[in-house]
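Colleague: Questions regarding the structure given below will be posed in turn.
Residue numbers (my numbering), protein chains in the order written: chain A, 1 to 294; chain B, 1001 to 1425.
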């Protein structure tokens, strides 16, 4: 009787979990496992005979100049984008963490771009940065400054993408860091002021240490997101000029859905997963070490 | 005490309700099945003004017969179009009638019906030969070519006049083109702008110089031949030596905007732009003209072109009615709708050229110029790795044209990379 009751309870529990578990397995877990399997095959969407090829796809990655370049471009984007986004988010959070008229509107203005879709962002910034007809070059010409090639110049295009991403995505770190700042007890600042600490000392000794866990969280999220950059690159520059902004996810998309080599594309995807996992593991270790030191 | 034998209990009420609903549905469905024509999806890449014209053609077909109702759509253009068709085919549910470019046929052959043109009443000799053959793969006909899209020279006649050039005499060869482009480059605008993507001028120049893209067996790239180098040198010289071409890269969809904004005086454009150009001349008082592609190299008559081929796709389970009615629709399009279609694209049906020349519609009359180029149209080849190989080529040409990279060494490097890619097929 007790066993039957336990079985019934277990069944009811599974039934309640099913609405989540079924889509989770169908649309997340199963494709991940299938993707891993595909990465060891020469699978193609055009229906060529599928064969198990072992590690051949991964070996090809290491020798693939397009993959290496795409990975390099991705790393450049991460290195340029993450510090800029973090610094801008922190600066804005510090500036907006006070009372002032119109504060809500100012905060909304910085967060609003976060709600815009990637395609709208691309259209806006192509209009702004077009070397021949763009707004920015028009303004530069008006004030007598030299116009730039922006998205047409390999040395500038990635910087332009970083700028676009900053405008589009600063809302998230701003909101999270602002929430973190508002959790810091005001009495600590009061006590520091009474002890004669200046603004910089209060920031360095109070704000930064107490905000560190939130900063690390934002850093981890932004790092992962930056490695997965795709939409703004694909829509704004298409990976050009001369492949200078082609990132890894774009190469994965082109390989799988334009060249139809799904096996090789799966290998690209899994290589990116391993890279992100490694970077995140290093970050977590540093965070634990930092937390232990404190 | 209640007489329960006569009252309608809850279960009986529910039973009666369900039966009634099912019965009504079945009755309605029966009437609908008997009356409805066969619904056929016709999926294309006509996302511009040509889409509106094809919709009108489809509406005409639907109104004139009762067996099929064709539903026209244009969900995408570019690389994503083939991806959508492929994934729909893998799911067994592709549209029964599709528009394809020639290079989209080989990857889809296992999902396409082989066509019997004669059974559909279509005679090969009535169509531009090289356009007809685009739909033949491994000896089988997988589609019928409705139209081709050769590039032609579009120019701003007002700019010509301002530069002291005769607007009635657009350039016909390389020297005239360079002189015109240089004269037109003034007052913050450029004489010409190059397309960096699928329509790059190098393709036309290379073919005219006697070059090609792949070896006859399709296994190796021919991007570093003397003809290819001459073509690349011309692209570079137009920007760096003659200073007559816009030196910054512009995305393909943005190039017409430069023309309309008066920032560029000449472009190479396809026939799908004619409608908009004539509308602009009429409504905005612009003064655009068009002429056949100049002869930059006289070793071969050639011009870059695209193709619009209509094919029938296999569904799961097989739908013989869709196949039959789809075939009739495609045959009707080619035989009866080509003149109307000439408002948007250059028909491959040779028999309509006379009608087009006498047409009351100025767009149709002007389209004859594009039709006349179809005889020497050249098309992108098919190879399973062509997209990747072409990507390397276009990036190399960007470096050559915009950044002045050394022509021969860059083309050699690009060719070596492309050959590695092609070998992976």
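Backbone N, C-alpha and C define an ideal beta-carbon position, used for all residues, glycine too.
Comparing alpha-carbon positions, which option in B:1389, B:1369, B:1309 lies nearest residue 1440 of chain B?
Modeller: Examination of residue 1440 of chain B is not possible in this model, given that chain B is present from 1001 through 1425 alone.
Colleague: Can you give me, in chain order, the residues of the region 1381-1395 of chain B that have a beta carbon less than 9 Å from any beta carbon in chain A?
Modeller: 1384, 1385, 1387, 1388, 1391, 1392, 1394, 1395
Colleague: Tell me whether residue 1011 of chain B is buried or exposed, calling it buried when 16 or more other Cβ atoms sit within 10 Å of its Cβ.
Modeller: For the purposes of this step, residue 1011 of chain B is identified with residue 11 of the second chain, where counting begins at 1. Counting the other Cβ atoms within 10 Å of the Cβ of residue 1011 of chain B gives fewer than 16, which makes it exposed.
Colleague: Do residue 241 of chain A and residue 153 of chain A count as a contact pair if the criterion is CB distance below 8 Å?
Modeller: Within the first chain, numbered from 1, the residue matching residue 153 of chain A stands at position 153. Within the first chain, numbered from 1, the residue matching residue 241 of chain A stands at position 241. Closer than 8 Å, so yes.
Colleague: With a Cβ-Cβ cutoff of 8 Å, do residue 1331 of chain B and residue 1191 of chain B count as a contact?
Modeller: Counted from its first residue, the second chain places residue 1331 of chain B at position 331. Counted from its first residue, the second chain places residue 1191 of chain B at position 191. Taking 8 Å as the Cβ cut-off, residue 1331 of chain B and residue 1191 of chain B do not qualify as a contacting pair.
Colleague: What span of residues does the alpha helix (DSSP H) with residue 1153 of chain B cover, start to end?
Modeller: Looking up residue 1153 of chain B in the second chain gives position 153. Careful: residue 1153 of chain B lies outside any alpha helix (DSSP H), inside the beta strand (DSSP E) at 1152-1156.
Colleague: Let me know the secondary structure DSSP gives residue 1349 of chain B once reduced to three states.
Modeller: Mapped onto the second chain, residue 1349 of chain B falls at position 349. Looking at residue 1349 of chain B - three-state DSSP - the assignment turns out to be strand.
Colleague: Using 10 angstroms around the beta-carbon of residue 214 of chain A, count the other beta-carbons present and answer buried if the total reaches 16, otherwise exposed.
Modeller: Taking the first residue of the first chain as 1, we reach residue 214 of chain A at position 214. With 16 or more Cβ atoms within 10 Å of its Cβ, residue 214 of chain A is classed as buried.
Colleague: Using a Cβ distance threshold of 8 Å, determine whether the region 1235-1250 of chain B contacts the region 1400-1416 of chain B, with at least three qualifying pairs required.
Modeller: yes
Colleague: Considering only C-alpha positions, which residue in the set B:1395, B:1383, B:1409, B:1394 is nearest to residue 1471 of chain B?
Modeller: Beyond the ends of chain B as shown, which are 1001 and 1425, falls residue 1471 of chain B; an answer cannot be given.
Colleague: Flag this pair as yes or no: are the beta carbons of residue 1108 of chain B and residue 1089 of chain B separated by less than 8 Å?
Modeller: Reading the second chain from its first residue, position 108 is the one you call residue 1108 of chain B. Reading the second chain from its first residue, position 89 is the one you call residue 1089 of chain B. Taking 8 Å as the Cβ cut-off, residue 1108 of chain B and residue 1089 of chain B qualify as a contacting pair.
Colleague: CB-CB under 8 Å to residue 1150 of chain B, same chain, minus the five flanking residues each way: which ones, in chain order?
Modeller: Indexing the second chain from 1 puts residue 1150 of chain B at position 150. In chain order, 1270, 1271, 1293, 1303, 1304, 1305, 1346, 1370, 1373, 1374, 1377 place their CB closer than 8 Å to the CB of residue 1150 of chain B, counting only its own chain and leaving out the 5 sequence neighbours on each side.
Colleague: With distances taken Cα to Cα, identify the nearest neighbour of residue 88 of chain A among A:171, A:105, A:134, A:223.
Modeller: Within the first chain, numbered from 1, the residue matching residue 88 of chain A stands at position 88. Ranking A:171, A:105, A:134, A:223 by Cα distance to residue 88 of chain A puts A:171 first.
Colleague: Over the uninterrupted alpha helix (DSSP H) stretch that includes residue 139 of chain A, give me the two end residues.
Modeller: If you number the first chain from 1, residue 139 of chain A lands on position 139. 135-142 is the extent of the alpha helix (DSSP H) around residue 139 of chain A.
Colleague: Report the CB separation of residue 1381 of chain B from residue 1214 of chain B in whole angstroms; it is logged as a contact under 8 Å.
Modeller: Residue numbering aside, residue 1381 of chain B sits at position 381 when the second chain is read from its first letter. Residue numbering aside, residue 1214 of chain B sits at position 214 when the second chain is read from its first letter. Right, their Cβ atoms sit about 5 Å apart.
Colleague: Under three-state DSSP, which class holds residue 1307 of chain B?
Modeller: Translated into the one-based positions of the second chain, residue 1307 of chain B becomes position 307. Looking at residue 1307 of chain B - three-state DSSP - the assignment turns out to be strand.
Colleague: Could you have a look at residue 12 of chain A and say whether DSSP puts it in helix, strand or coil?
Modeller: By one-based count along the first chain, residue 12 of chain A stands at place 12. Three-state result, residue 12 of chain A: helix.
Colleague: In the DSSP assignment, find the unbroken beta strand (DSSP E) run with residue 1038 of chain B in it and report its ends.
Modeller: What you label residue 1038 of chain B is simply residue 38 of the second chain in a count that begins at 1. Residues 1038-1043.
Colleague: Would you kindly check if the distance between the Cβ of residue 247 of chain A and the Cβ of residue 166 of chain A is under 8 Å?
Modeller: Against the first chain, residue 166 of chain A aligns to sequence position 166. Against the first chain, residue 247 of chain A aligns to sequence position 247. For residue 166 of chain A and residue 247 of chain A, no; Cβs fall outside 8 Å.
Colleague: Classify residue 1191 of chain B as helix, strand or coil using the three-state DSSP reduction.
Modeller: Within the second chain, numbered from 1, the residue matching residue 1191 of chain B stands at position 191. Residue 1191 of chain B: strand per DSSP, three-state reduction.
Colleague: Residues of chain A with a CB under 8 Å from the CB of residue 1107 of chain B: which are they?
Modeller: As a working mapping, residue 1107 of chain B is identified with position 107 in the second chain. 46, 260, listed in chain order.
Colleague: Within this structure, are the beta carbons of residue 1193 of chain B and residue 1128 of chain B separated by less than 8 Å?
Modeller: As a working mapping, residue 1193 of chain B is identified with position 193 in the second chain. As a working mapping, residue 1128 of chain B is identified with position 128 in the second chain. Against a cut-off of 8 Å, the Cβ pair of residue 1128 of chain B and residue 1193 of chain B comes out as no contact.
Colleague: The region 1254-1285 of chain B: which residues have C-beta closer than 9 Å to a C-beta of chain A, in chain order?
Modeller: 1254, 1257, 1258, 1261, 1263, 1264
Colleague: What residue does the alpha helix (DSSP H) around residue 1196 of chain B start on, and which one ends it?
Modeller: In the second chain, residue 1196 of chain B corresponds to position 196, counting from 1. Careful: residue 1196 of chain B lies outside any alpha helix (DSSP H) and carries neither H nor E.
Colleague: Measuring alpha carbon to alpha carbon, tell me which residue in B:1412, B:1351, B:1016, B:1066 is nearest residue 1125 of chain B.
Modeller: In the second chain, the residue the question calls residue 1125 of chain B occupies position 125. With distances taken between Cα atoms, residue 1125 of chain B lies closest to B:1351.
Colleague: Using a C-beta to C-beta distance shorter than 8 Å, which residues of chain B count as neighbours of residue 68 of chain A?
Modeller: As a working mapping, residue 68 of chain A is identified with position 68 in the first chain. Residues of chain B passing the Cβ test: none, with the nearest at roughly 13 Å.
Colleague: Would you identify the three-state DSSP class for residue 1071 of chain B, choosing helix, strand or coil?
Modeller: Here residue 1071 of chain B refers to the residue found at position 71 when the second chain is read from its first residue. The answer is strand: DSSP assigns residue 1071 of chain B an E or B state.
Colleague: Strictly under 8 Å for the Cβ-Cβ distance: is residue 130 of chain A near chain B by that measure?
Modeller: Position 130 of the first chain holds residue 130 of chain A. At least one chain B Cβ lies under 8 Å of residue 130 of chain A.
Colleague: Residue 1306 of chain B CB to nearest chain A CB: under 8 Å?
Modeller: Numbered from 1 along the second chain, position 306 holds the residue referred to as residue 1306 of chain B. Not one chain A Cβ lies under 8 Å of residue 1306 of chain B.
Colleague: Identify whether residue 1178 of chain B lies in helix, strand or coil by the three-state DSSP scheme.
Modeller: Mapped onto the second chain, residue 1178 of chain B falls at position 178. Helix, per DSSP.
Colleague: Identify every residue that forms a DSSP beta bridge with residue 1186 of chain B.
Modeller: Walking along the second chain from the start, residue 1186 of chain B turns up at place 186. According to DSSP, which records beta bridges pairwise, residue 1186 of chain B is partnered with B:1189.
Colleague: Which residues does DSSP list as the beta-bridge partners of residue 1269 of chain B?
Modeller: Along the second chain, read from residue 1 onward, the residue named residue 1269 of chain B stands at position 269. Residue 1269 of chain B pairs with B:1152.
Colleague: Could you compute how far the alpha carbon of residue 1137 of chain B sits from the alpha carbon of residue 1106 of chain B?
Modeller: Counting from one through the second chain, the residue named residue 1137 of chain B turns up at place 137. Counting from one through the second chain, the residue named residue 1106 of chain B turns up at place 106. Roughly 7 Å between the two C-alpha positions.
Colleague: Given that residue 1398 of chain B touches chain A, what residues does it touch there, using C-beta distances under 8 Å?
Modeller: Here residue 1398 of chain B refers to the residue found at position 398 of the second chain. Here the neighbours are 240, 241, 242.
Colleague: Are residue 1096 of chain B and residue 1313 of chain B closer than 8 Å when you measure CB to CB?
Modeller: Mapped onto the second chain, residue 1096 of chain B falls at position 96. Mapped onto the second chain, residue 1313 of chain B falls at position 313. Pairing residue 1096 of chain B with residue 1313 of chain B gives a Cβ-Cβ distance under 8 Å.
Colleague: By Cβ distance below 7 Å, which residues in the same chain neighbour residue 1394 of chain B in space, the five residues on each side in sequence not counted?
Modeller: For the purposes of this step, residue 1394 of chain B is taken as the residue at position 394 of the second chain. Closer than 7 Å at Cβ, skipping near neighbours: 1196, 1197, 1200.
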